[in-house]
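Residue numbers for the sequence shown, in the UniProt record's numbering: 1 to 195.
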Amino acid sequence: MELKDIQKDLEKILSPKRFRHSRGVAETARHLAEKYGADSRKAYVAGWVHDCAKELSLADMQHIVKDAGLKADSYLLSSRALLHGPAGSILAETKYGIGDKEIQSAVYYHTTGRADMTLLEKIIFLADYIEPSRDFPGVDNLRKLSEINLDEALLAAYDSTISHLLDQKAYIYDLTFIGRNDLVLKIKEKKNEKE
1 MELKDIQKDL
11 EKILSPKRFR
21 HSRGVAETAR
31 HLAEKYGADS
41 RKAYVAGWVH
51 DCAKELSLAD
61 MQHIVKDAGL
71 KADSYLLSSR
81 ALLHGPAGSI
91 LAETKYGIGD
101 KEIQSAVYYH
111 TTGRADMTLL
121 EKIIFLADYI
131 EPSRDFPGVD
141 NLRKLSEINL
151 DEALLAAYDS
161 TISHLLDQKA
171 YIYDLTFIGR
181 NDLVLKIKEK
191 KNEKE
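Here it is as structure tokens:
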């Protein structure tokens with residue numbers, strides 16, 4: 001499916017606010033990809049489709065994931081906020097014909113993060129967090145940091161998410177902690193190499 005056809009379909013199935021957000025993520029992801037040496041076309045496509053499952057019912061997301069034989073723990077299966085990533089990664093392939101595993105993986109992990117994130121996964125995770133329509137305390141600082149150091153910006157996004165969830169006394173998904181801690185170690189290793 002051509003990107004223009006994907007965009008037309010997304011405009012039909014997403015709310016105007018979610019469609020605007022997807023455009024913002026695509027444009028931000030393309031910018032970050034150009035800045036940090038990733039494939040800007042893949043980043044742009046992944047940005048457009050990252051939330052393609054976001055407005056489905058939880059039952060529909062569960063059905064998509066189970067039909068694809070994707071292994072998911074009980075918490076992931078019970079959370080629309082988290083399950084739309086895995087469900088969206090499947091729809092990227094089955095509905096939109098995006099066979100690129102890098103794009104699928106970036107869509108899959110854009111809400112949780114994970115250890116050993118690829119450059120494209122980092123870019124989509126961060127672009128989703130800082131795109132122009134996002135408005136929360138600290139987002140402008142994150143945008144500035146994203147222009148200086150991708151990993152530091154990603155770490156700040158993880159910290160902001162975890163702090164928010166702690167304030168809400170909400171469950172924090174394992175992959176998010178694991179991804180954050182992995183990034184802390186990698187940043188530390190890079191600093192030690194420079195010294």
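Ideal placement from N, C-alpha and C gives every residue a C-beta, glycine not left out.
* Asked: Could you give the distance in angstroms between the alpha-carbon of isoleucine 162 and the alpha-carbon of glycine 179?
  -> Those two C-alpha atoms are separated by around 12 Å.
* If you compare alpha carbons, which of Arg30, Leu56, Ala68, Asn149 is closest to arginine 18? -> Ranking the options by Cα distance to arginine 18, first place goes to Leu56.
* Contact between the stretch 134-143 and the stretch 62-82: three or more CB pairs below 8 Å? -> No, the stretch 134-143 does not touch the stretch 62-82.
* glutamate 147 versus aspartate 51: straight-line alpha-carbon distance, rounded -> When rounded, the distance between both Cα atoms is 24 Å.
* Asked: Taking the C-alpha atoms as reference points, what is the distance between lysine 71 and histidine 31?
  -> Lysine 71 and histidine 31: Cα-Cα distance of roughly 33 Å.
* Asked: Can you give, in chain order, each stretch of the alpha helix (DSSP H) that sits fully within the stretch 52-123 and has at least 4 residues?
  -> Within the stretch 52-123, the complete alpha helix (DSSP H) runs of at least 4 residues are 58-67, 74-77, 80-94, 101-108.
* **Buried or exposed (CB count within 10 angstroms, at least 16 for buried), leucine 150** => Buried, since its Cβ has 16 or more Cβ neighbours within 10 Å.
* Can you tell me the Cα-Cα spacing of glycine 69 and isoleucine 90, whole angstroms? -> Glycine 69 and isoleucine 90: Cα-Cα distance of roughly 10 Å.
* To do: Let me know if methionine 61 comes out buried or exposed under the rule of 16 or more other beta-carbons within 10 Å of its beta-carbon.
  => With at least 16 other beta carbons inside 10 angstroms of its own, methionine 61 counts as buried.
* Asked: If you drop the 5 nearest sequence neighbours on each side, which residues of the same chain put their C-beta closer than 7 Å to that of alanine 46?
  -> The answer, listed in chain order, is Ala29, Ile103, Ala106, Val107, Leu120, Ile124.
* To do: Enumerate in chain order the residues of its own chain whose CB-to-CB distance from leucine 165 is below 7 Å, with the five nearest sequence positions on each side excluded.
  => Ile172, listed in sequence order.
* **Own chain partners of alanine 157 with C-beta closer than 8 Å, once the 5 adjacent residues on each side are dropped** => Excluding sequence neighbours, alanine 157 sits near Phe125, Leu126, Tyr129, Ile130, Leu142.
* Nearest to aspartate 100 by alpha carbon, out of Phe177, Met117, Ser160, Asp39? -> Checked all of Phe177, Met117, Ser160, Asp39; the closest Cα to aspartate 100 is Asp39.
* **DSSP state of serine 133 mapped onto helix, strand, coil** => DSSP places serine 133 in coil when its eight states are reduced to three.
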